[in-house]
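To start, the structure under review is shown below, and the notes come after it.
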Amino acid sequence: MRAASRLDLQAPPEAAPLPAAPPASFEGIQLGPGTAHVPAELLETPLENDRRRVMDDLAAFLLDRHLRRLVTMRNPLELRLARLLGRFEKSSGHLELGFSRMSDYVTERLGISVRRMVDLLKMDRRLEELPRSAEVFASGQITASQLRALLRVVTPEREGEWLEKAARLNVRLLEREVRSAVAAENGAGSADDAVTASRQAAGDLPDDEDAEPGQVVSFECPAALRERWRWAVELCRRSAGAPEPVWRCAEYIAADYLSGVPDLPSILARACAREGQAFGPDAALSGECSRLESCDPDDDGVDLFEAVLRGYEEESGPRGWAPHAAGLRVVLPDSVRDDPDDSPRVLDRKMRSLVASRQGLAWEQGRLLSTFSRRGLHRVLGFLSFGRYCKERLGLGIRRARQLIALDRRLLGLPGLEAAYRHGEISWVKAAAVASVADTVSERD
Numbered sequence: 008m009r010a011a012s013r014l015d016l017q018a019p020p021e022a023a024p025l026p027a028a029p030p031a032s033f034e035g036i037q038l039g040p041g042t043a044h045v046p047a048e049l050l051e052t053p054l055e056n057d058r059r060r061v062m063d064d065l066a067a068f069l070l071d072r073h074l075r076r077l078v079t080m081r082n083p084l085e086l087r088l089a090r091l092l093g094r095f096e097k098s099s100g101h102l103e104l105g106f107s108r109m110s111d112y113v114t115e116r117l118g119i120s121v122r123r124m125v126d127l128l129k130m131d132r133r134l135e136e137l138p139r140s141a142e143v144f145a146s147g148q149i150t151a152s153q154l155r156a157l158l159r160v161v162t163p164e165r166e167g168e169w170l171e172k173a174a175r176l177n178v179r180l181l182e183r184e185v186r187s188a189v190a191a192e193n194g195a196g197s198a199d200d201a202v203t204a205s206r207q208a209a210g211d212l213p214d215d216e217d218a219e220p221g222q223v224v225s226f227e228c229p230a231a232l233r234e235r236w237r238w239a240v241e242l243c244r245r246s247a248g249a250p251e252p253v254w255r256c257a258e259y260i261a262a263d264y265l266s267g268v269p270d271l272p273s274i275l276a277r278a279c280a281r282e283g284q285a286f287g288p289d290a291a292l293s294g295e296c297s298r299l300e301s302c303d304p305d306d307d308g309v310d311l312f313e314a315v316l317r318g319y320e321e322e323s324g325p326r327g328w329a330p331h332a333a334g335l336r337v338v339l340p341d342s343v344r345d346d347p348d349d350s351p352r353v354l355d356r357k358m359r360s361l362v363a364s365r366q367g368l369a370w371e372q373g374r375l376l377s378t379f380s381r382r383g384l385h386r387v388l389g390f391l392s393f394g395r396y397c398k399e400r401l402g403l404g405i406r407r408a409r410q411l412i413a414l415d416r417r418l419l420g421l422p423g424l425e426a427a428y429r430h431g432e433i434s435w436v437k438a439a440a441v442a443s444v445a446d447t448v449s450e451r452d
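Under our numbering, the letters of the sequence shown match residues 8 to 452, in that order.
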């Protein structure tokens, strides 16, 4: 393994070892605007000339651990924000604050998109009758991607059954079960009908929380290019193990290219050559499929990673650098507690505080994701693409991940703007707009 540099992975030999017992009794994490939850050394961006001195394996383990913890911390914030936003809408609180529409309020005061507002309100209405799902999501036992899939089909009577499936299956297999359930409810007998039914359901609760309404894109191209595109889409679907729509295949293909993944046809051709199979449209990456299909239900695929991290902390520390996400108890401030008697102005203050806390987590996420994507660390963890890693491990849409990475890169040379965004003084929308035109001279303006 290569030596580490900017990640500062060396520590004094006297650092105390981490107990080997499961981390089920961690102290509660207090969330608040500007609170740091990741060691400062991990938030430093490695320089390009340090690439050969970074231990990719260990870096992948550490960054993945902290990314998963940040996602777990965000879940209670999302639930509380959805609950307060639902109560605010029922009381028409936007009128008392001088806004004629809810869409104007969330855009101007909270800095979130209208589509995101709709998703939060739908989630709040569905979870009112599904308390166990809300509890499991808040504790980080299921990701946002799994929750969105469950909310399409789960009912109070079958809540326990679907939660058991979510704990046992990965995101793609869970979505396959959801598609089958939707098809059965609608009387669809064929695979095509099942896909159509799932798309209709996804229109109610989209897979990508930050997705905007779709638009048809068409252009003229030579016949040879058209055939290559069809082959690329088919290969993407084979790799994904599901009949993904064309728009999602396009995002997967773009994500693979941008994250530096080697050419997929070449990988597939070499895999077929090793296994003595013919290289054609029916070929599949059997290694990855077997990893996802036949894994132990209690195995999340990182037992070896956990052992490496535990051994690293025991031998060279520092203690607490790789805390586990399991058993993490997130404590929200009393200032944002859920009180049915709150007035619209009090709800507004609480929601703005929640958004500010969420921005602090988003900033740390963006910094870690930027390093993770640039170095292609998803391959160390066994994922074919960065987009699949985000969805499977973090429950994060690839579009949202790319937005966080793009904003982080713009803010690297704007420390003042970065601090304002991190502490929730300006919204994500404003930070992205200013960062696109500001420089070190005009930043304060």
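Cβ atoms here follow ideal geometry from the backbone N, Cα and C, with glycine treated the same way.
Check                                                                                                                                                                                 : Outcome
Tell me, please, which residues DSSP counts as bridged to I405.                                                                                                                       : In the DSSP output, where bridge partners are listed per residue, I405 has none listed.
Which residue wins for smallest C-alpha separation from A408, given the options D355, E258 and G420?                                                                                  : E258
Can you round the beta-carbon distance between A249 and R183 to whole angstroms, since I take them to be within the 8 Å contact cut?                                                  : 6 Å
Can you tell me the Cβ-Cβ gap for D446 and R116, rounded? I've got them flagged as a contact below 8 Å.                                                                               : Not really, about 29 Å apart at Cβ, beyond 8 Å.
Using a Cβ-Cβ cut-off of 6 Å (strictly less than) and excluding sequence neighbours within five positions of E103, which residues of its own chain qualify?                           : P351
Is the beta carbon of I405 less than 9 Å from the beta carbon of G373?                                                                                                                : no
For the region 67–82 against the region 371–390, are there 3 or more C-beta pairs whose distance is under 8 Å?                                                                        : yes
Would the beta-carbon of F390 fall within 9 Å of that of E399?                                                                                                                        : yes
Where DSSP assigns a beta bridge to V337, which residues make up the other side?                                                                                                      : I36
Note down the Cα distance separating I433 from S449, rounded to an integer number of angstroms.                                                                                       : 17 Å
Return the CA-CA distance between S98 and L86, expressed in angstroms with no decimal places.                                                                                         : 19 Å
Express the C-alpha separation of L335 and S32 in angstroms, rounding to a whole number.                                                                                              : At S32, the pLDDT of 43 sits below 50, so the modelled position is not reliable and the matter cannot be decided from this model.
In whole angstroms, what separates the C-alpha of T114 from that of V121?                                                                                                             : 7 Å
I'd like to check one pair, V189 with L170: are the Cβ atoms closer than 9 Å?                                                                                                         : no
At the level of alpha carbons, what is the spacing between V337 and G147?                                                                                                             : 10 Å
May I have the straight-line CA-CA distance separating L91 from D111, to the nearest angstrom?                                                                                        : 17 Å
Out of T162, I149, H73 and L77, which has the shortest C-alpha to C-alpha gap to R465?                                                                                                : Outside the displayed range of the chain (8 to 452) lies residue 465, so it cannot be described from this structure.
Let me make sure I understand the geometry here. Which of S342, L401, L180 and A426 has the alpha-carbon closest to that of D71?                                                      : L401
L421 and A442 look like a contact to me (Cβ under 8 Å); what is the Cβ gap, rounded to whole Å?                                                                                       : 6 Å
For the alpha helix (DSSP H) containing F95, name the first residue and the last one.                                                                                                 : D63 to K97
Please work out which residues of its chain come closer than 6 Å, Cβ to Cβ, to L154, disregarding the five sequence neighbours upstream and downstream, and give them in chain order. : F144
Taking the alpha carbon of L361 as the point to measure from, which residue in A66, A67, G118 and W236 has its own alpha carbon closest?                                              : G118
What does a CB cutoff of less than 6 Å around F106 pick up in its chain, not counting 5 residues either side in sequence?                                                             : Y112
Whose C-beta lies closer than 6 Å to the C-beta of L49 among residues of the same chain, with five residues either side of it excluded?                                               : none
Starting from the Cα of D349, find the closest Cα among R75, E96, T150 and V444 and give me that residue.                                                                             : E96
L74: which of A426, L384, L424 and R417 sits nearest, CA to CA?                                                                                                                       : L384
Determine the contact status of L128 and A89, defining contact as a CB-CB distance below 9 Å.                                                                                         : yes
For D415, collect the residues of the same chain with a Cβ closer than 6 Å to its Cβ; drop the 5 residues on either side in sequence, then sort them by chain order.                  : G373, R374 and S377
How would you write the range of the alpha helix (DSSP H) that P138 sits in, first residue to last?                                                                                   : P138 to A145
At which residues does the alpha helix (DSSP H) containing D345 begin and terminate?                                                                                                  : No alpha helix (DSSP H) holds D345; DSSP gives it neither H nor E.
With 16 other CB atoms within 10 Å as the buried threshold, where does C243 fall?                                                                                                     : buried
From A438 to L419, what does the alpha carbon distance come to, in whole angstroms?                                                                                                   : 12 Å
Grab me the residues of V436's own chain with a C-beta within less than 7 Å of its C-beta, minus the 5 sequence neighbours each way, in chain order.                                  : G118
Counting C-beta neighbours from all protein chains within 10 Å, is the total for L232 16 or more, i.e. buried, or is it exposed?                                                      : exposed
Which of the three DSSP states, helix, strand or coil, is assigned to T378?                                                                                                           : helix
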